[in-house]
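Numbering (our numbering), first residue to last: 2 to 517. Where a beta carbon is used, it is the ideal one built from N, C-alpha and C, also for glycine.
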């Protein structure tokens, strides 16, 4: 299935069915209607998945959207006959008004799937009583609504769907030779569901509000994810991703993979911090959110690949928090393995590998150039692409870190053949670049001073008395006060050897980089 949009919505289990023949599937159907009517029951236990771009029940998929699905289903009032209700209750697909409905039940829970070319697929799942009781107990223990445990149900649901499909395939196979192979598939898929439930129980056993209360460090982080934040869509999305990250960390811990454990735990911890309001605008928490979701945390707008790479670069740079690149890649693989719909919705497996490959290069080069801070890294990452394609023989030799404010300046030995070609190349890439330009008054005074010198060349002491030199110094001071990132191109043409040192460039280096 090509997941383009997928998110959690919770529904009630205590509604009366439309009529006696509907049974459990009727409760699920009413639950879906509650979603579209804006109802929200904090003690509900279940999960509803919207997907577009590939219908799971053979409708041929949809290019629709969640809002369109809401509109269609919200206005849909099918009048099922008793026979149709019985058919649905028996697991048969029934189509009404171009929309198909199918109810499936197995040992692990009940699923209702609604599907059409216009709405895509809506799949609702409620776990069995045993699973629900475990979740309700943990919810009471932590003092939170049971609905917040939906990410765990979603993981079980995906495995249960595979099990249901295997059982269905066996029924359709009849007495063919495929039955033996399908028996094996059924057993394997059943074991996977049981293992997922056991894994949930393992995580619950370590989940507490305090590390000193019997849980472990990861369990405390996971408890914070569940307890923090509110029940908004934003919190639900962050919570789901965080739970998947914590699950990946637990897998790493169980398998002795310390790098995967550290990555998953710290990503989950950062997202938990986001839910409780710590560092909501800047820092590694925001980078975590924007890297994972691909959306601006403040505006909710989609990030460009460059913007997302910048967030990824910040995480790579935070080696003390996120470990090595290999740990990040392994951690992402483990988190994805947890089956989080939010991760699958943004295609994190492929995009993250690409982002971190690019981010790794950016961070390595930035560190070689002297960039250490997050703001400096962000500023450098924005021009990295253009810097990598400078005219032949020209390159950045070092960077003076500024603020992440989009202001960038270029200095170097030689204006016409070094500074100007580089600044022009960066400007063509869409960047605003500053270089020193003396005023007309300063240039006129400088020319007059040269005329008075028989050689036409000013000594260092004479040049330092000029208005041009003073304006250059004032420009450098303003770069510092404005938090401008400065790219130093060095002396690629070797002019210091052939023409002697430049008083202006030496002054720039001394003030900006502390050169003696």
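Rounded Cβ spacing between residue 414 and residue 290 (contact assumed at less than 8 Å) = Your numbering for residue 414 matches position 413 in the chain shown. Your numbering for residue 290 matches position 289 in the chain shown. In fact, because the Cβ distance is near 43 Å, the residues do not count as touching under 8 Å.
Assigned secondary structure, residue 395 (DSSP; H/G/I helix, E/B strand, else coil) | Taking the first residue of the chain shown as position 1, residue 395 is located at position 394. Coil.
Confirm, please, whether the CB-CB distance from residue 127 to residue 111 is below 8 Å.
-> The count along the chain shown starts at 1 and reaches residue 111 at position 110. The count along the chain shown starts at 1 and reaches residue 127 at position 126. Yes, the pair counts as a contact, with Cβ atoms nearer than the cut-off.
Please name the residue, chosen from 462, 484, 455, 448, that lies closest to residue 435 on a Cα-to-Cα basis.
-> Position 434 of the chain shown, counted from the first residue, corresponds to residue 435. Ranking the options by Cα distance to residue 435, first place goes to 484.
Check the DSSP bridge columns for residue 107 and list the partner residues they point to.
-> Taking the first residue of the chain shown as position 1, residue 107 is located at position 106. DSSP, once it has assigned bridges, lists 110 as partnering residue 107.
N-terminal and C-terminal residue of the beta strand (DSSP E) that residue 122 is part of = Reading the chain shown from its first residue, position 121 is the one you call residue 122. First-last of the beta strand (DSSP E) with residue 122: 121-128.
So what does DSSP say about residue 410, is it helix, strand or coil?
-> What you label residue 410 is simply residue 409 of the chain shown in a count that begins at 1. Correct three-state label for residue 410: strand.
At least 3 beta-carbon pairs within less than 8 Å: the stretch 406-424 vs the stretch 441-456 = no
Measure the Cβ-Cβ separation of residue 387 and residue 378 and say whether it is below 8 Å.
-> By one-based count along the chain shown, residue 387 stands at place 386. By one-based count along the chain shown, residue 378 stands at place 377. No, they are not a contact pair.
Closest by CA to residue 99, which one among 77, 87, 462, 93?
-> Looking up residue 99 in the chain shown gives position 98. Comparing Cα-Cα distances from residue 99 to each of 77, 87, 462, 93, the minimum goes to 77.
Boundaries (first-last residue) of the alpha helix (DSSP H) holding residue 480 = By one-based count along the chain shown, residue 480 stands at place 479. Residues 468-483.
Have a look at residue 177 and residue 189 and give me their C-alpha separation to the nearest angstrom.
-> Taking the chain shown and counting its residues from 1, the one referred to as residue 177 is at position 176. Taking the chain shown and counting its residues from 1, the one referred to as residue 189 is at position 188. Cα-Cα distance, rounded: 20 Å.
In angstroms, rounded to a whole number, what distance separates the CA positions of residue 308 and residue 292?
-> Taking the first residue of the chain shown as 1, we reach residue 308 at position 307. Taking the first residue of the chain shown as 1, we reach residue 292 at position 291. The straight-line gap from Cα to Cα measures roughly 9 Å.
Mapping DSSP to helix, strand and coil, what is residue 282?
-> Position 281 of the chain shown, counting from 1, holds the residue named residue 282. For residue 282, the predicted structure reports a pLDDT of 48, less than 50, and the residue's modelled location is therefore unreliable. A value from the coordinates is still provided. Coil.
How would you label residue 489, buried or exposed, when you count the other beta carbons within 10 angstroms and need 16 or more for buried?
-> Residue numbering aside, residue 489 sits at position 488 when the chain shown is read from its first letter. It counts as buried.
Relative to the C-alpha of residue 261, which residue among 87, 246, 173, 273 is closest?
-> Working through the chain shown from its first residue, we reach residue 261 at position 260. Out of 87, 246, 173, 273, 246 has the C-alpha closest to the C-alpha of residue 261.
Sequence-distant residues of the same chain with beta carbon closer than 8 Å to residue 145, five excluded per side = By 1-based counting over the chain shown, the position of residue 145 is 144. Closer than 8 Å at the Cβ level, and outside the excluded window around residue 145, lie 227, 228.
What is the DSSP secondary structure of residue 69, counted as helix, strand or coil?
-> Taking the first residue of the chain shown as 1, we reach residue 69 at position 68. Helix, per DSSP.
What did DSSP end up calling residue 435 once you bin it into helix, strand or coil?
-> Position 434 of the chain shown, counting from 1, holds the residue named residue 435. Of the three classes helix, strand and coil, the one that applies to residue 435 here is strand, per DSSP.
Please confirm if residue 413 has its CB atom under 8 Å from at least one CB of chain B.
-> You won't find chain B in this structure, because it holds only one protein chain.
State the Cα-Cα distance for the pair residue 510 and residue 394, rounded to the nearest angstrom.
-> Walking along the chain shown from the start, residue 510 turns up at place 509. Walking along the chain shown from the start, residue 394 turns up at place 393. The straight-line gap from Cα to Cα measures roughly 21 Å.
Check residue 440 in the structure and name its three-state DSSP category.
-> Sequence index remark: in the chain shown, residue 440 carries index 439 (1-based). Here residue 440 sits in coil by DSSP.
Of all the options 150, 194, 481, which has the alpha carbon lying nearest to the alpha carbon of residue 515?
-> Working through the chain shown from its first residue, we reach residue 515 at position 514. For residue 515, the nearest C-alpha among the options comes from 481.
Have a look at residue 195 and residue 157 and give me their C-alpha separation to the nearest angstrom.
-> As a first step, residue 195 must be located in the chain shown, where it is residue number 194. As a first step, residue 157 must be located in the chain shown, where it is residue number 156. Taking the straight line from one Cα to the other gives about 9 Å.
Exposed or buried, residue 238, counting other C-beta atoms within 10 Å across all chains shown (16 or more means buried)?
-> Position 237 of the chain shown, counted from the first residue, corresponds to residue 238. Buried.
Which value, in whole angstroms, describes the spacing of the CA atoms of residue 3 and residue 121?
-> Residue 3 sits at position 2 when you count from the first residue of the chain shown. Residue 121 sits at position 120 when you count from the first residue of the chain shown. In this prediction, residue 3 scores a pLDDT of 29, lower than 50, which makes its location untrustworthy; no coordinate-derived value is stated.
Tell me where the alpha helix (DSSP H) around residue 498 begins and ends.
-> The residue you call residue 498 lines up with position 497 of the chain shown. Element bounds for residue 498: 496-500.
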